[in-house]
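A.B. asks: Below is a structure I'd like to ask you about.
Numbering (our numbering), first residue to last: 219 to 466.
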C-alpha cells in the first residue's frame with residue numbers, strides 16, 4: 219500500500235482550507251453551479267417552462283367542472299295585459315252575474331223592405347244597419363228615415379224596415395215569439411227595473427242595461443229620463459228611441 223507523499227497531503231489540506239475559508243460558497247452551491255454549467259442554461263429554462271405548462275394543464279383537466287348554467291325562463295304574468303273592450307254601444311260589460319256577457323252573438327229577425335228577410339246571427343256589438351246589410355240591404359221602397367240604423371241590436375229582437383206610409387209594428391225590438399202589442403205599453407221604471415227588463419228596450423243590449431243599473435246604484439235614482447245620457451253608451455239617438463218607453 220502506497221503512503222501518500224507529503225506534497226499530496228499539503229495539496230489536500232490547502233484545498234480543504236480554501237473551501238472552508240470565510241466568504242467561500244457552500245459546497246452544494248458549487249456543485250449546483252457546476253451542474254448548471256454542464257446542463258446548459260437554455261436547456262434548464264426550456265425544461266422549467268415545460269414543467270410549468272404540464273402543471274397548469276393537469277390542473278385544468280382535473281379541476282371540478284362548473285355546474286351547467288340554466289337558461290332563465292320567463293314568468294307568466296298573473297294580470298291581464300288588456301282591459302275588456304267595450305261593446306259597439308260604448309258601454310263596458312258589467313261583472314254582475316245577472317248581466318249577459320258582451321261576447322255573445324246576437325240573433326235577430328230582419329223583416330220588411332229588405333232583399334232577403336229572415337233570421338240572422340251577428341257578432342256582438344252589431345247595429346241595426348249591420349242586420350239590414352246581412353239581409354241583402356234595403357229595397358228601393360224602404361223608408362230608412364224612420365229606422366234608427368245606429369241602434370245596437372238586442373238578442374232575439376226584430377228589425378223591421380217599413381215602406382213609405384207603413385207603420386212600424388209594435389213588436390219590432392221585442393224578443394221573437396212575443397205577440398204583437400197593439401195597445402199602449404207600460405213604461406219601464408228606470409229606478410226599479412232589472413237588467414232583463416231594461417234589455418227589452420229598443421237599442422238597449424245587455425251591456426247597456428247593466429250600465430244603467432250600475433249608474434243607478436252608484437249615483438242614486440234617476441231624477442228625469444234625460445239623466446240617461448249620463449250612462450256610458452247612451453247618446454241622443456238612443457235616448458230619443460226609449461224616451462216614450464221609460465219613466466222615473
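Glycine included, every Cβ here is placed at the ideal spot set by N, Cα and C.
Going by alpha carbons, who is nearest to residue 379 out of 373, 349, 404 and 370?
C.D. replies: If we check each option's Cα against that of residue 379, 349 comes out closest.
A.B. asks: Please report the residue range of the beta strand (DSSP E) in which residue 324 lies.
C.D. replies: From DSSP, the beta strand (DSSP E) with residue 324 extends over 324-330.
A.B. asks: Of all the beta strand (DSSP E) runs that stay within the bounds of the segment 355-383, which reach a length of 3 or more residues?
C.D. replies: 376-379, all fully within the segment 355-383.
A.B. asks: Go ahead and pull the three-state DSSP assignment for residue 321.
C.D. replies: The answer is coil: DSSP assigns residue 321 none of H, G, I, E or B.
A.B. asks: Can you say whether residue 279 is buried or exposed, counting buried as having 16 or more other CB atoms within 10 angstroms of its CB?
C.D. replies: By the neighbour-count rule (16 or more Cβ atoms within 10 Å), residue 279 is not buried but exposed.
A.B. asks: Hey, how far is the Cα of residue 359 from the Cα of residue 335?
C.D. replies: Whole-angstrom Cα-Cα distance: 15 angstroms.
A.B. asks: How close, in whole Å, do the beta carbons of residue 353 and residue 338 come, if the pair is a contact with beta carbons under 8 angstroms?
C.D. replies: Confirmed, Cβ separation roughly 6 angstroms.
A.B. asks: Leaving aside the five residues before and after residue 407 along the sequence, list all residues of the same chain whose C-beta is less than 8 angstroms from its C-beta, in chain order.
C.D. replies: These residues qualify, in order along the chain: 464, 465 and 466.
A.B. asks: So what does DSSP say about residue 296, is it helix, strand or coil?
C.D. replies: Here residue 296 scores only 45 on pLDDT, less than 50, and its place in the model should not be relied on; the value that follows carries that caveat. Coil at residue 296, not helix or strand.
A.B. asks: Could you check the C-alpha separation between residue 272 and residue 262 for me, to the nearest Å?
C.D. replies: Approximately 15 angstroms between the Cα atoms of the pair.
A.B. asks: Taking 8 angstroms as the threshold (C-beta atoms), are residue 372 and residue 324 in contact?
C.D. replies: Yes, Cβ-Cβ distance for residue 324 and residue 372 is below 8 angstroms.
A.B. asks: If you reduce the DSSP assignment to three classes, tell me which class residue 417 lands in.
C.D. replies: Of the three classes helix, strand and coil, the one that applies to residue 417 here is coil, per DSSP.
A.B. asks: Based on Cα-Cα distance, which residue from 361, 365 and 374 lies nearest to residue 530?
C.D. replies: Outside the shown range of the chain (219 to 466) lies residue 530, about which nothing can therefore be said.
A.B. asks: How many Å lie between residue 446 and residue 368 at the Cα?
C.D. replies: Going by the C-alpha atoms only, they are around 17 angstroms apart.
A.B. asks: Considering only their Cβ atoms, is the gap separating residue 345 from residue 370 smaller than 8 angstroms?
C.D. replies: Yes, the Cβ-Cβ distance between residue 370 and residue 345 is below 8 angstroms.
A.B. asks: Within the same chain, show all residues whose beta-carbon is closer than 7 angstroms to that of residue 409, passing over the 5 residues directly before and after it, in chain order.
C.D. replies: Contacts found: 434, 439, 440 and 466.
A.B. asks: Give me, in chain order, the residues of the same chain whose beta-carbon lies closer than 6 angstroms to that of residue 427; leave out the 5 immediate sequence neighbours on both sides.
C.D. replies: Answer for residue 427: 413, 416 and 417, listed in chain order.
A.B. asks: Less than 8 angstroms between the C-beta atoms of residue 429 and residue 460, yes or no?
C.D. replies: No, they are not a contact pair.
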